[in-house]
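Under this note's numbering, the sequence shown has 1577 at position 265, and the numbering climbs by one with no breaks. Yeah, the Cβ is synthetic: ideal placement off N, Cα and C, and Gly gets one too. What you are looking at is a predicted structure, and each value in this text was computed from that prediction instead of being measured. Below: the structure, in structure tokens.
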Amino acid sequence: MRNFLIIAIIISLLSLLTFCTQNNTTDNLESPYLNQNDTVQYVGMETCRTCHADKFETYIHTGMGMSFDIATRTKSDARFGEHDVVYDSIRNFYYKPFWKNDSLYVKEYRLLKKDTVHLRIERINYIVGSGQHTNSHMLLINGYLYQAPITFYTQKQQWDLAPGMEGGFNSRFSRIIESECLACHNGLPQPVVGSINKYVKIPQGIDCERCHGPGSLHVATISKVILVDTANGIDYTIVNPGNLSVDLQNNLCFRCHLQGVDVLNDGASFFDFKPGDHIRDHWNIFLPQYDGKNDLFLMASQADRMLQSKCFIETQQLSCITCHNPHLTVKETPVAQFNAPCQSCHNNGNDCTETIAARNLKQDNCSGCHIPKSGSIDIPHVSISDHKIQIPGKDAMKEDGQFVRLIALTDSNASPVTMAKGYLKYFEAFTHQPIMLDSAWMWLQKVKIKDEPYYKASIHYHYLNGNFKQIIADASKLNAMKIPDAWTYYRIGESYFTMKDFPNAIVYFKKAVEVLPYNLDFNLKLGSAYFRVNNFSDAQKVFAFIINENPKYEKAWMNLGAVYLQNGKYQEAEFALINAIQLDPDYLQARLTLVDLYIKTRQKQKAKDELKYLLAFYPEDIYVKQMQQSVNSL
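Written out as structure tokens, the structure is:
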């Protein structure tokens, strides 16, 4: 009897996660799933493995299962040959990835003729990407997560600059990895409260609970041998996506496969969404709409492309799991599984007008023709499936599309303030075209009740437009001292700073730091404002705090050096400025300040050595020429 009970439990659990077609439940306003309650905790994939070993063993080989891990030789799909060097011709940096024992490093260097005049080596802690398309690399500095500047593109077997870092936008080792990004490439991280990229815990791959929801209630219920016959009913202690409505199935996948710009609802966070939710209850996703052919798309916009398919528009019954088994890698999914949904509507494949020879060439695979391979506009060197189901060549007959508007794909009734925020964020993330700001202002003009959300959006708009006087005027109407919004505080503070009203800038920068104490950029501005009012003591404390948090933050070293210089502590100033320069050889202000220090302390040879670099790389800079005259007069 005991053995029978154990077998029954296992069968029940396995059937819960078995890939199934769309047995849709009613889409209620309040979810019937009990694990959506905030008291239910995440238990981790190893706990799920206890009963669902078969699903675990196949899932870990999928793109999601292999999405993120510690940087090891096993995880890496890259080449590490002698000639695997990336050169950024615009910023004049070379990058060489290499292994030392079992640790992965990236060496950044610069040459002047044959001499190495800059060298920085950073250890890589994590590799992101399954290897189907890319391996990108991340480094952890005292809990702060950043992206490294190079990526390995597996399809072409080549190293190059990481996506978005080409064309002069190489941020080197300082691209911040916020929770919004990390939470789609990984399991849910645990950020430090009050930070944007510092983490207590970083998982190692997208786990079961990202699609099934937190599992502690389910585990506890099963442990008490409280079973549900899932052949005849739904176990509401855990979400089986196959039991959700098509709409909610798609919302679950759209969480990460509908790439655009995400605009959070007031008070929401990217950790609020759980399987069974509508995305619009937490944020809205915006994408551009065109009036003609639109064959350019972002890599992770499979959902948007699917929504444009005639198959979806006419049936409203397509979801991602109509074709995809999330527990099985695409590489091992039988062609018949992908063909089955097509054949269910298209006369078992007999509607195909291609010749038998052409069909055989594609192994009679519908998706081989109707879901073609394409590049993406945001990730170079990749070939991905365009999920807009189409007749080959038909779209090519259309004229190239022109941008018409942004649309909120998650909520057709988004408020004017939400629409304005979408345009503002799209302007920041993808394009600096003035039409985006004009459209944001048009939506703001439609707001009838000018409340807190309106003024926060208005301040954001005027900040991007450089209209700092209007921001200060809006702040007085908002009673800004009573809103717990760090970015609004920061923008008001920056407005006062730009207007050289440093005391008021300090007030708002302090408020921003109170909300986000581990936002190092906010701290830097606060320290800079202290410096401007000659409060060198508080400025030094702030810059020292930043360096203690992240010793690779070159701007804090530069500003700390300036404080020491003001206080006549020349040795400490020299040490700080050299640190800033070693981290960023293009930090012109730090180099000029160091030369100025050497002039003040009459260290002519050191001044000449530093000036040699400046003349080699900045020969026409007016300040460099002035420094040269000062050095020559020593």
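Annotation for G1441: N1447 and S1448 place their beta carbon closer than 6 Å to its own, counting only its chain and skipping 5 residues before and after. Annotation for T1800: no beta strand (DSSP E) segment contains it, though the alpha helix (DSSP H) segment containing it runs A1798 to T1810. DSSP places I1453 within a strand segment (E or B) once states are collapsed to three. If you draw a 10 Å sphere on the C-beta of E1666, you find fewer than 16 other C-beta atoms in it, and that means exposed. In this structure, the beta-carbon distance from S1581 to L1828 does not fall below 8 Å.
A straight line joining the alpha-carbon of L1906 with that of G1499 spans about 45 Å. Non-local C-beta neighbours of A1720 in its own chain, meaning closer than 6 Å and more than five positions away in sequence, comprise N1596, F1598 and A1726, ordered along the chain.
About 6 Å separates the Cβ atoms of L1836 and A1868, confirming a contact at the 8 Å cut-off.
Sequence-distant partners of T1374 (beyond 5 residues in either direction) whose C-beta falls short of 6 Å from its own C-beta, in its chain, are T1641. The DSSP assignment places 1380-1382, 1398-1400, 1405-1412, 1415-1424, 1427-1436 and 1438-1440 as complete runs of the beta strand (DSSP E) inside the segment 1373-1441, in order along the chain (cut-off: 3 residues). Here DSSP, grouped into helix, strand and coil, assigns V1355 to coil. Minimum Cα-Cα distance from P1553 among the listed residues K1536, T1634, Q1782 and N1509 corresponds to T1634. For V1875, the enclosing alpha helix (DSSP H) has its first and last residue at E1866 to Q1878. With respect to the C-alpha of L1451, the residue from T1463, Q1444, L1895 and I1436 having the closest C-alpha is I1436. In the three-state scheme derived from DSSP, where H, G and I count as helix and E and B as strand, Q1675 is classed as coil. Taking a contact as a CB-CB distance under 8 Å, the pair A1841 and F1809 counts as one, their CB atoms being some 6 Å apart. With respect to the C-alpha of G1705, the residue from C1654, Y1602 and C1681 having the closest C-alpha is C1681. Counting C-beta pairs with one atom in each stretch, the segment 1757-1776 and the segment 1725-1742 have three or more that are closer than 8 Å, which means they touch. In this chain, F1821 is not harboured by any beta strand (DSSP E); it is covered by the alpha helix (DSSP H) spanning F1814 to V1827. A residue is called buried when at least 16 other Cβ atoms come within 10 angstroms of its Cβ; V1418 meets this threshold and is buried.
Sequence-distant partners of H1772 (beyond 5 residues in either direction) whose C-beta falls short of 8 Å from its own C-beta, in its chain, are K1733, L1736, W1799, T1800 and R1803. Out of H1530, D1559 and K1536, the CA that lies nearest to the CA of I1546 is found in H1530. Note that the C-beta distance between P1409 and D1389 is not below 8 Å.
In this structure, N1349 sits away from T1549, with a CB-CB distance that is not shorter than 8 Å. When DSSP states are grouped into helix, strand and coil, V1531 belongs to the helix group. When only Cα atoms are considered, L1539 and Y1354 end up about 20 Å apart. Checking the DSSP bridge columns, you'll see R1487 partnered with Q1459. Within its own chain, the residues whose Cβ lies closer than 6 Å to the Cβ of K1700, once the five positions on either side in sequence are excluded, are R1617, Q1620 and S1621, listed in chain order.
Here the alpha carbons of S1679 and Q1702 stand approximately 10 Å from one another. Here D1574 carries a strand assignment [DSSP, helix/strand/coil]. In the DSSP assignment, F1857 falls within the unbroken alpha helix (DSSP H) covering F1848 to E1861.
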